[in-house]
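Undergrad:
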Amino acid sequence: MEKEIGKITHWYDKIGVAVVDLQGALKIGDLIKVKKGSEEFEDSVVSMQIDHKGVSSAKKGDEVAIKLSQKAKEGAVICKVD
């Protein structure tokens, strides 16, 4: 089961990091799905930062930077996979 928890607002291609505006909780170790159009992939949250400081969890309303294993696009939807 998947639940939408945010959208990518910015993508840093050189470092493989997405900035996500969260509408739900997210923590290190969560399995997420990144979806944009017909493209999608699953990834595990291994690194997350708020204001350039490492955090282990984030809540609705936070803007977080997460490291992804594949390229993502601005506007992509982030879903938490249970």
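The sequence shown begins at 404 in our numbering and counts up by one.
Cβ atoms here follow ideal geometry from the backbone N, Cα and C, with glycine treated the same way.
Glutamate 477 by DSSP, collapsed to three states: which one?
TA: In the structure shown, glutamate 477 sits in coil (DSSP, three-state: anything other than H, G, I, E or B).
Undergrad: What do you get for leucine 429, buried or exposed, if any count of 16 or more other CB atoms within 10 angstroms of its CB means buried?
TA: Counting Cβ neighbours within 10 Å, leucine 429 comes out buried, since at least 16 surround it.
Undergrad: To which residues of the same chain is tryptophan 414 closer than 7 Å at the C-beta, ignoring the five residues directly before and after it?
TA: Correct list, in chain order: Ala421, Ala475, Lys476 and Glu477.
Undergrad: How is the beta strand (DSSP E) around lysine 439 delimited, first residue to last?
TA: Taken as a continuous stretch (DSSP letters only), the beta strand (DSSP E) holding lysine 439 covers 434-439.
Undergrad: I need the straight-line Cα distance from valine 423 to glutamate 405, nearest angstrom please.
TA: Approximately 17 Å between the Cα atoms of the pair.
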